[in-house]
Ligand SMILES: Nc1ncnc2c1ncn2[C@@H]1O[C@H](COP(=O)(O)OP(=O)(O)OP(=O)(O)O)[C@@H](O)[C@H]1O
Ligand SMILES: [Mg+2]
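In my numbering, the protein residues as written are 267 to 518.
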């Protein structure tokens, strides 16, 4: 079973091996905001420990898809299963308790709490006590007494990821974690994200404008276009096809 899983995730599969329950299975999802439908007919299957790059130009629905998995959008139809359980009718806090962690594009750091207090409010017993978050992000340990609004953008992003980890997720949704950061911070954060994917047994969905970086650290990729899936397949295959990549996601 473990071998089948490893082989499946190495191949960046879209269909789980027989007998395994995928971490996430989305079927014909329709979702949006109020009566407005943004996502149409979105399907995806992500195995446990799989990593998926969720790509597409501005405004195509990437954030809406993460919000829909978390329960922050309006559900119009289809189904979302997490570890075999239908979750599309659950409240966001129930999905969070089941093990889904969300790092929003807006980095929801509390400005008037210290770094340590920001982490403490999200604490849940499990694999990520504060000491492990500080070990993953030593910069946060150095800044533990600073207020949320006194730290840099990169540190805020680390804090936002650290807060999600404190909730002990098995599935982590990352919405443009590298956006607007200096190249050196991008490299530091990317190494931490790679560690989460390769060593920490997390299942990850990574939304990223730095398309090549996202494809390099994931096995599977989905490209959205106007709320529909325009590509679904292996990250390596998309990375190797410059023409297709440029037609699907690059600016212009
Ligand atoms: N709260 C909202 N209420 C109504 N419509 C929204 C809301 N948030 C987003 N939209 C619309 O939904 C569509 C998809 O937006 P979404 O934020 O999911 O795109 P995105 O791919 O994440 O874009 P970006 O790359 O700019 O972050 C857009 O047309 C956007 O205007
Ligand atoms: Mg977005």
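All residues carry an ideal CB built from backbone N, CA and C; glycine is no exception.
Every value quoted in this text rests on a predicted model; they were computed, and no experiment measured them.
Residue 291 and residue 342 have their C-alpha atoms spaced approximately 17 Å apart. One thing to note: residue 297 has its Cβ within 8 Å of the Cβ of residue 339. Per the DSSP secondary-structure output, residue 498 pairs in a beta bridge with 488. Within the segment 463-487, the complete beta strand (DSSP E) runs of at least 3 residues fall at 469-473.
In the DSSP annotation of this structure, the continuous segment of the beta strand (DSSP E) that includes residue 345 starts and ends at 340-348. Here the distance from the Cβ of residue 423 to the nearest heavy atom of ligand 2 is not below 7 Å. By the CB criterion at 8 Å, residue 472 and residue 312 fall outside the cutoff. Residue 444 and residue 386 have their C-alpha atoms spaced approximately 24 Å apart.
According to the DSSP assignment, residue 329 belongs to the alpha helix (DSSP H) that extends over 328-336.
With a cut-off of 8 Å on Cβ pairs, the segment 365-376 is not in contact with the segment 395-405, counting fewer than three such pairs. Note on residue 348: 16 or more other CB atoms within 10 angstroms of its CB, so buried under the neighbour-count rule. Using a Cβ distance threshold of 8 Å, residue 423 and residue 318 do not count as a contacting pair. About 7 Å separates the beta carbons of residue 403 and residue 458, which is inside the 8 Å limit, making them a contact pair. Note that the C-beta distance between residue 382 and residue 411 is below 8 Å.
Residue 380 has its CB no nearer than 7 Å to any heavy atom of ligand 2. Residue state for residue 291 is assigned as strand, using DSSP reduced to three classes. Collapsing the DSSP output to three states places residue 442 in coil.
Residue 433 has its alpha-carbon roughly 21 Å from the corresponding atom of residue 288.
Per the coordinates, the alpha-carbon of residue 384 lies some 8 Å from the alpha-carbon of residue 414. C-alpha of residue 478 to C-alpha of residue 489: approximately 13 Å in a straight line. With at least 16 other beta carbons inside 10 angstroms of its own, residue 497 counts as buried. Here the distance from the Cβ of residue 329 to the nearest heavy atom of ligand 1 is below 7 Å.
As the crow flies, the alpha-carbon of residue 361 is around 24 Å from that of residue 460.
Distance between residue 440 and residue 329, taken at the CA atoms: about 10 Å. In terms of CA proximity to residue 369, 474 leads the group 515, 513 and 474. Per DSSP, the continuous beta strand (DSSP E) segment holding residue 366 begins and ends at 366-369.
Taking the C-beta atoms as reference points, residue 438 is found no nearer than 8 Å to residue 483.
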